[in-house]
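Below is one structure, written out as structure tokens; the observations come after it.
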Amino acid sequence: MSYIIDRRLNAKKKSTVNRQRFLRRYKQHIKRAVEDAIHDRSISDIERGGEVTIPRRDISEPIFHHGKGGRNTRIYPGNKEFVTGDEFQRPQGGGGGGAGQGKAGNQGEGEDNFTFTISQDEFLDFMFEDLELPYLVRKQLKDATSFETRRAGFSTSGSPEKLHIVRSLRAAHARRIALGGEERKEIRELRKQLWELEALPVGEVPHEEIQALRDKIAELDKKARRLPFIDDFDLRYNNLIRVPLPSSKAVMFCVMDVSGSMTQTIKDIAKRFFILLYLFLQRNYKQIELVFVRHHTHAKEVDEQEFFYSRETGGTIVSSALQLSADIIDARYSPADWNIYVAQASDGDNWDGDSATCSDLLMKRILKKVQYFAYVEITTGPHQNLWYEYEQVHDAFPDEFAMQHITDAGEIYPVFRKLFEKRTEGAA
Amino acid sequence: MSGSKKRTPISTGSEWTFDLIEDYDREIGRIAKELGLDTYRNQIEVITSEQMMDAYASIGMPLNYSHWSFGKQFVETEQNYKRGRMGLAYEIVINSDPCIAYLMEENTITMQALVIAHACYGHNSFFKGNYLFQTWTDATAIIDYLLFAKNYISQCEERYGLDEVEQLLDSCHALMNYGVNRYKRPRPLTAAEERERQMAREEYIQRHLNDLWNTIPRKEVSEEEKVVRYPKEPEENLLYFIEKNAPLLEPWQREVIRIVRKIAQYFYPQKQTQVMNEGWATFWHYTLLHQLYDEGLVTDGFMMEFLHSHSSVVYQPPFDSPYFSGINPYTLGYNMFQDIRRICEHPTDEDREWFPDIAGSNWIETLDNAMRNYKDESFIMQYLSPRLMRELRLFAILDDAERPTLRVDAIHDEMGYRRLREELSAQYNLGNREPNIQVYNVNVRGDRSLTLRHYIHNGQPLGESTDEVLKHVHRLWGFDVQLESVTPKNELVQVYHCPPKEVSIELA
């Protein structure tokens, strides 16, 4: 008799653990592949999974085996014209009948690679590993949106579904003991007397007395029994309270220059930088607000769609964007409640008189309120006055202000990593 | 018994249902019993292709400990499967009692019936009957043991860290082929016992070790005491030797080595009976399904599909074909069993001369006897007939590194039959396929270094990964390790060291 079992609904991913072990072991290889992939890909598909290739030599598991040489006799099938004693040249390379016992594939000199795919999630995991928003502080919020329900002992009032039965019955029991104590004590006394009387020799038994005692006991008993088994007074309820959770609320300002001096390639690089940032934030911080600010001569707060995809150009006044950001911070994001981050990308080109205003704005209105301000300059040419202004800002606020320089798309990811590297000594 | 009472076929479509599987299993089981197949009970499990890949990755076992190499296996299988480079095997069958066989849900009912005949009755009866499996494995205990192993290793991971355990397992895996006893029957494994005795074992080994490594000088016996080697006789089971004697291992590390060793031992018979096992199962699916057909239980369409699949399984590409990758064990095994049946039923004069014992005997008994008492090596030696050698057009090529050319040493003719048979048999001798490496000596009194000896066979040197493997031996042993390649004349040809010896001598 055979048993037939449908196992199709059983856990499918039995090998997940082993797969993760494998990824863990070859982390370095995979990281490299992920970095390469980020360089090569266009904006839209950076989010997909990717192929990872590892030289087979690196993942082989060595065993003792025979090497080349010595005397070997092998049997082959399908003889056509050979007769005993025929001699012929060794086939060169991997051709002909040299393969042997079918295990040739893994050991030959042919250096083939081991290629496999990792999923989108794994891809992003590797991409953003060891990155974080610097100096993130947990802040208590007045308008806290998240609460946690916690147990807080028991209460004497509540809704029926919170009734705690054991506690209630225990209370009832206690009450019955407390209230019925007098009577029961008396009953015990009377019983003792009764037994004594009943134990007397037959002639001397005082029947009236006994009857009186019995009546008394019955009456007391009745009284004791009249105590209710359970009373409203006994009921106990689970007490649950709502505790507001301190949360690390954060807002990220993405400030991008879209002026005419930004060529298509520079815009592309800037967008890719922000997409990377966007993915990183979305992935690692569930509750983060994003403010997108675009500017040429005017700054404008836009939504995500417009930020990444619309085309608009004009002159360049960087301070307009900083001004707007500062206004938004004042209006909506009080530094007491929010961790504020700003990332700015530009080609460094600015209207001449404006750069000083920028550094002034930064130092006076912005940097004191934000946790971190990252400036990325994307240009192949020499630095212009904005960069030099910002260098002074950096000297004044080395912790809060970071600046990096990108010349081509290949540098986006390394620079991004540099800006958001995990710091060992956090300010939190 | 055919013809007169044609019955209605069990099924006519290609879709399978659980009821149909049950029907086929009942009928195939009935015929198998009539033909004398003795099997464990069957447990047929229907799984998805994804689960099949999972099963692949854990060397076909329903559960196993976690290790990256299984993940690598899985990733590779998945990748090949998704790209359509490879189909999944139709079945996996586990040598356990009850015998677990997997059916993939994507298959047609014909394929399911084929798998039932092949795995649930073919392989199953082989597991139960063959002497190697009976001697070396305990079908009832393996699942429990694997569970024990999985839990134990995950406990070790928690306690000592993933990396630590992973490295240890890497090293054990490198020596897995050298973790088997070839001649001694190991104690049967029962999981309950294992757990109970594990603690006692730990303590015992540690205490025993101290004796071995005792540094208190003994009474001087005599100055010119002969150098006694330890172990006195060379030990072929490297993992066993390390488990029992490595000076620095922790008790849990010894236990992990033991687990790997036990699992290697469990798979040892499978490696030695590949041709027989597959041949036997293929012979029986062929025979059983034909019987079904003769009884009118399956349709012509069913048979066409079955035969198509069967013939691709037993196809042997010739040596010069691009698809050639060695002799197909299914072809060789299947043909040999068919051939034995032919010799029993319709012997020729040649057969009578070569196989006087079995020519004309009862084929069922003869086959049963062959299945029970042989392994690949001896099976080929005993039963490969001249006729089959002619049919497969076998020939032997001698590749001697000292000669400039290859030589055809024997072909399928009167002169060559015996030679061919011997060579093919030797080809399946595990002892020839893997280098013969044994523990030769431990420098007990000095630096505790371990000396392994490689006994050269047919002048074949060790492969290029030897140094890598030695690193693993070194990790397990904890002190210097050297490996000497020795010719049959006892000449030292090459010595490997780990850690590598300094090369200053050559400069001098």
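Quick note, the sequences are listed as chains Z and F, same order. Using my numbering, read the first sequence as starting at 9 and increasing by one per residue. Using my numbering, read the second sequence as starting at 44 and increasing by one per residue. The beta-carbon is built from N, C-alpha and C at its ideal position, and this holds for glycine as well.
- Could you tell me the boundaries of the alpha helix (DSSP H) in which His351 (chain F) lies? Working through the second sequence from its first residue, we reach residue 351 (chain F) at position 308. Taken as a continuous stretch (DSSP letters only), the alpha helix (DSSP H) holding His351 (chain F) covers Asp343 to Val356.
- Cβ pair Ile67 (chain Z), Asn220 (chain F) closer than 8 Å: By one-based count along the first sequence, residue 67 (chain Z) stands at place 59. By one-based count along the second sequence, residue 220 (chain F) stands at place 177. No, the Cβ-Cβ distance between Ile67 (chain Z) and Asn220 (chain F) is not below 8 Å.
- What do you get for Thr3 (chain Z), buried or exposed, if any count of 16 or more other CB atoms within 10 angstroms of its CB means buried? Only positions 9 to 436 of chain Z appear in the structure, and residue 3 (chain Z) is not among them; the question remains open.
- Message: Run through chain Z and tell me which residues come within less than 7 Å of Ser112 (chain F), C-beta to C-beta.
- Response: For the purposes of this step, residue 112 (chain F) is taken as residue 69 along the second sequence, with counting starting at 1. Result: Glu69.
- In terms of alpha-carbon separation, which member of F:Tyr377, F:Ala289, F:Arg225 and F:Glu477 lies closest to Trp179 (chain F)? As a working note, residue 179 (chain F) is residue 136 in the second sequence. Answer by Cα proximity: F:Arg225.
- Query: Alpha carbon to alpha carbon, how far is Thr157 (chain Z) from Ala180 (chain Z)?
  - Reply: The residue given as residue 157 (chain Z) occupies position 149 in the first sequence. The residue given as residue 180 (chain Z) occupies position 172 in the first sequence. Each residue's alpha carbon lies about 28 Å from the other.
- Message: Asn194 (chain F) and Tyr83 (chain F) - do their beta-carbons sit closer together than 8 Å?
- Response: Stepping through the second sequence from its first residue, residue 83 (chain F) is reached at position 40. Stepping through the second sequence from its first residue, residue 194 (chain F) is reached at position 151. Not closer than 8 Å, so no.
- What does a CB cutoff of less than 6 Å around Gly341 (chain F) pick up in its chain, not counting 5 residues either side in sequence? The residue labelled residue 341 (chain F) in the question sits at position 298 within the second sequence. Reading off the sequence, residue 341 (chain F) comes out as Val, not Gly. Hits under 6 Å: Pro52 and Leu335.
- Should Leu427 (chain F) be labelled buried (16 or more other beta-carbon atoms within 10 Å of its own) or exposed? The residue labelled residue 427 (chain F) in the question sits at position 384 within the second sequence. By the neighbour-count rule (16 or more Cβ atoms within 10 Å), Leu427 (chain F) is buried.
- Give the residues of chain F in contact with Asp94 (chain Z), contact being defined as C-beta atoms less than 8 Å apart. By 1-based counting over the first sequence, the position of residue 94 (chain Z) is 86. Here the neighbours are Arg450 and Val451.
- Task: Report the rounded CA-to-CA distance for Arg183 (chain Z) versus Leu208 (chain Z), giving the unit in angstroms.
- Result: Stepping through the first sequence from its first residue, residue 183 (chain Z) is reached at position 175. Stepping through the first sequence from its first residue, residue 208 (chain Z) is reached at position 200. The alpha-carbon atoms of Arg183 (chain Z) and Leu208 (chain Z) are separated by roughly 38 Å.
- Task: Take the Cβ of Ser342 (chain Z) as the centre, count every other Cβ of all protein chains shown within 10 Å, and call the residue buried at 16 or more, exposed below.
- Result: In the first sequence, counting from the first residue as 1, residue 342 (chain Z) sits at position 334. Ser342 (chain Z) should be labelled exposed.
- To the nearest angstrom, report how far apart Glu77 (chain F) and Gly339 (chain F) are at their CA atoms. Locating residue 77 (chain F) in the second sequence gives position 34, where the first residue counts as 1. Locating residue 339 (chain F) in the second sequence gives position 296, where the first residue counts as 1. Going by the C-alpha atoms only, they are around 17 Å apart.
- Query: Across which residues does DSSP place Tyr11 (chain Z) in a beta bridge pair?
  - Reply: Walking along the first sequence from the start, residue 11 (chain Z) turns up at place 3. The partner list for Tyr11 (chain Z) (beta bridge, DSSP) reads F:Gln86.
- Message: Can you look up Asp490 (chain F) in the DSSP assignment and give me helix, strand or coil?
- Response: Taking the first residue of the second sequence as 1, we reach residue 490 (chain F) at position 447. If DSSP states are grouped into helix, strand and coil, Asp490 (chain F) belongs with coil.
- Item | Asp443 (chain F), enclosing beta strand (DSSP E) - first and last residue | As a working mapping, residue 443 (chain F) is identified with position 400 in the second sequence. That run of the beta strand (DSSP E) goes Phe438 to Asp443.
- Could you list which residues in chain F have their beta carbon closer than 9 Å to that of Thr125 (chain Z), in chain order? Here the question's residue 125 (chain Z) lines up with position 117 in the first sequence. Here the neighbours are Val118, Glu121, Gln122 and Lys125.
- Item | Beta-carbon proximity check, Asp362 (chain Z) vs Ser333 (chain Z), cutoff 8 Å | Numbered from its first residue, the first sequence carries residue 362 (chain Z) at position 354. Numbered from its first residue, the first sequence carries residue 333 (chain Z) at position 325. Against a cut-off of 8 Å, the Cβ pair of Ser333 (chain Z) and Asp362 (chain Z) comes out as no contact.
- Excluding the five sequence neighbours on either side, which residues of its own chain have a C-beta within less than 8 Å of the C-beta of Gly104 (chain Z), listed in chain order? Translated into positions along the first sequence, residue 104 (chain Z) becomes position 96. A caution first: Gly104 (chain Z) carries a pLDDT of 40, below 50, which makes its placement in the model unreliable, though a value can still be read off. Counting only Cβ-Cβ distances below 8 Å, and skipping sequence neighbours, we find nothing.
- In chain order, each beta strand (DSSP E) run of at least 3 residues that lies wholly inside the stretch 459-525 of chain F: 479-485 and 493-498
- Query: Taking the alpha carbon of Thr164 (chain Z) as the point to measure from, which residue in Z:Glu191, Z:Leu248 and Z:Ala186 has its own alpha carbon closest?
  - Reply: If you number the first sequence from 1, residue 164 (chain Z) lands on position 156. It is Z:Leu248 whose Cα lies nearest to the Cα of Thr164 (chain Z).
- Bridge partner(s) assigned by DSSP for Gln97 (chain Z): Looking up residue 97 (chain Z) in the first sequence gives position 89. In DSSP, Gln97 (chain Z) forms a bridge with F:Thr448.
- By a C-beta neighbour count over all protein chains shown, 10 Å radius and 16 as the cutoff for buried, is Ile173 (chain Z) buried or exposed? Mapped onto the first sequence, residue 173 (chain Z) falls at position 165. Exposed is the call here.
- the stretch 38-45 of chain Z / the stretch 467-475 of chain F touching (three or more Cβ pairs under 8 Å): no
- State yes or no: is the C-beta of Glu43 (chain Z) within less than 8 Å of the C-beta of Phe428 (chain Z)? For this step, residue 43 (chain Z) is matched to residue 35 along the first sequence. For this step, residue 428 (chain Z) is matched to residue 420 along the first sequence. Contact: no.
- Give me the Cβ distance between Ile83 (chain Z) and Leu190 (chain F), rounded to the nearest whole Å; I'm assuming they're in contact under 8 Å. For the purposes of this step, residue 83 (chain Z) is taken as the residue at position 75 of the first sequence. For the purposes of this step, residue 190 (chain F) is taken as the residue at position 147 of the second sequence. Not really, about 42 Å apart at Cβ, beyond 8 Å.
- Taking Cβ-Cβ distances below 9 Å as the criterion, which residues of the stretch 79-91 of chain Z are in contact with chain F? Arg79, Asn80, Thr81, Arg82, Ile83, Tyr84, Pro85, Gly86, Asn87, Lys88, Phe90 and Val91
- List, in order along the chain, the chain F residues whose C-beta lies closer than 9 Å to that of Gln97 (chain Z)? Numbered from its first residue, the first sequence carries residue 97 (chain Z) at position 89. By Cβ distance, chain F contributes Pro447, Thr448 and Leu449.
- Compare the C-beta of Pro542 (chain F) with all C-beta atoms of chain Z and state if any pair is closer than 8 Å. Mapped onto the second sequence, residue 542 (chain F) falls at position 499. Not an interface residue.
- Message: Could you tell me the alpha carbon to alpha carbon distance between Gly113 (chain Z) and Met104 (chain F), rounded to whole angstroms?
- Response: On the first sequence, position 105 is the one that residue 113 (chain Z) refers to. On the second sequence, position 61 is the one that residue 104 (chain F) refers to. Since pLDDT at Gly113 (chain Z) reaches only 36, below the 50 mark, its modelled position is unreliable, and no value is offered.
- How big is the Cα-Cα spacing for Val263 (chain Z) and Arg302 (chain Z)? Locating residue 263 (chain Z) in the first sequence gives position 255, where the first residue counts as 1. Locating residue 302 (chain Z) in the first sequence gives position 294, where the first residue counts as 1. Each residue's Cα considered, the two are about 6 Å apart.
- Item | Spatial neighbours of Pro372 (chain F) in its chain, beta-carbon cut-off 6 Å, leaving aside the 5 residues before and after | Walking along the second sequence from the start, residue 372 (chain F) turns up at place 329. Correct list, in chain order: Gln317, Val318 and Glu321.
- Taking one C-beta from the stretch 231-246 of chain Z and one from the stretch 314-330 of chain Z each time, how about it: are there three or more such pairs within less than 8 Å? no
- From the DSSP output, which residues share a beta bridge with Asn246 (chain Z)? By 1-based counting over the first sequence, the position of residue 246 (chain Z) is 238. Bridge partners of Asn246 (chain Z): Z:Phe162.
- Message: For the structure I just gave you, are there three or more beta carbon pairs, one from the stretch 297-308 of chain F and one from the stretch 241-248 of chain F, closer than 8 Å?
- Response: yes
- Message: On the criterion of 16 or more Cβ atoms from any shown chain inside 10 Å, does Val259 (chain Z) qualify as buried, or is it exposed?
- Response: Residue mapping note: residue 259 (chain Z) aligns to position 251 of the first sequence, counting from 1. Looking at its Cβ environment, which holds 16 or more other Cβ atoms inside 10 Å, Val259 (chain Z) is buried.
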